[in-house]
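**Q**
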Amino acid sequence: MDALIEAACAALLGAMANDAWSMARARFARLFGQGDARQEEITLERLDQSAAAVEASPPQAHEAIRQKLLPSWRTRIGDLLQEQPEIADELRTLVEQIRGQLPPAQAATIQTNVAYDQGTVYAVQTGVQNIHRFAPTELERSTSGTPDVRPEPPPSGRRADTGGPHDE
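For the sequence shown, full-length UniProt numbering begins at 1 and goes up steadily by one.
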């Protein structure tokens, strides 16, 4: 369900300040309203406020504004799907229709990476990312041309990240 929420947010926010906006606006309002005219009107007002924020900014700031709007729309769409899980297929169809009308740069999915507690996130949008969690073996060092360089361990009783004493 989280992937659908993220895809819906990417499509909705990507449509703002683009040719796909009028269709996305009407269809999302109808989806949120589910036959309730008042709820549809409230959704239209929220959509218009969000779109106005994007449109009022210079084009180079559109993506930053969309990112600021993302949490509130993620919550709204998540709540809608939790309350009415039967609309998931309709939402998937809507997302695909909007994506088909977006310029290539806007059709991309927003990547969200979250790490909790002691978690670590390694993320890359384009290109290649190689993560080595352990020191390379002698064979790997000799074939890759990577010198055998290992960081010095921190002095005893010091934290590696700050050099300060442990806060335990």
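Ideal placement from N, C-alpha and C gives every residue a C-beta, glycine not left out. All figures in this text were calculated on a predicted structure; none of them were measured in a lab.
In whole angstroms, give me the CA-to-CA distance for residue 13 and residue 118.
**A** For residue 13 and residue 118, the distance between alpha carbons rounds to 31 Å.
**Q** Which residues in the same chain have their Cβ closer than 6 Å to the Cβ of residue 16, if we skip the five residues on either side of it in sequence?
**A** If we look at residue 16 and ignore the five residues flanking it on each side, its Cβ neighbours are 51 and 54.
**Q** Is residue 18 near residue 101, with beta carbons less than 9 Å apart?
**A** Contact flag set, yes.
**Q** Return the chain-ordered ranges of every alpha helix (DSSP H) run that is complete within the region 7-75 and spans a minimum of 4 residues.
**A** Counting whole runs of 4 or more residues, the region 7-75 contains the alpha helix (DSSP H) stretches 21-33 and 37-56.
**Q** Between residue 95 and residue 3, how many whole angstroms is the CB-CB distance? I'm expecting something under 8 Å.
**A** At roughly 10 Å, the Cβ-Cβ gap does not stay under 8 Å, so residue 95 and residue 3 are not in contact.
**Q** Smallest Cα separation from residue 6: which of 78, 32 and 35?
**A** Selected option, being the one with the closest Cα: 78.
**Q** Could you have a look at residue 168 and say whether DSSP puts it in helix, strand or coil?
**A** Residue placement at residue 168 is flagged as unreliable, the pLDDT there being 45, under the threshold of 50; the coordinate-derived value follows with that caveat. Coil, per DSSP.
**Q** Give me the Cα-Cα distance between residue 46 and residue 90, rounded to the nearest whole angstrom.
**A** In a straight line, the C-alpha of residue 46 is about 21 Å away from that of residue 90.
**Q** Please state whether DSSP places residue 100 in a helix, a strand or coil.
**A** It is helical.
**Q** Do you know whose CA, among 25, 34 and 28, lies nearest residue 84's CA?
**A** Nearest of 25, 34 and 28 to residue 84, Cα basis: 34.
**Q** One question on the structure: do residue 25 and residue 97 come within less than 9 Å of each other, judged by their Cβ atoms?
**A** Not in contact: residue 25 and residue 97 (Cβ atoms no closer than 9 Å).
**Q** Using a Cβ-Cβ cutoff of less than 6 Å, which residues in the same chain neighbour residue 8 once the five nearest sequence positions on both sides are dropped?
**A** So the list reads 77, 91 and 95, once near-sequence residues are dropped.
**Q** Reducing DSSP to helix, strand and coil, say where residue 78 ends up.
**A** Three-state result, residue 78: helix.
**Q** Could you give the distance in angstroms between the alpha-carbon of residue 168 and the alpha-carbon of residue 114?
**A** Confidence is the limiting factor: at residue 168 the pLDDT is only 45, short of 50, which leaves the residue's position unreliable and the question unanswerable from this model.
**Q** For residue 3, which three-state DSSP category applies?
**A** Three-state result, residue 3: helix.
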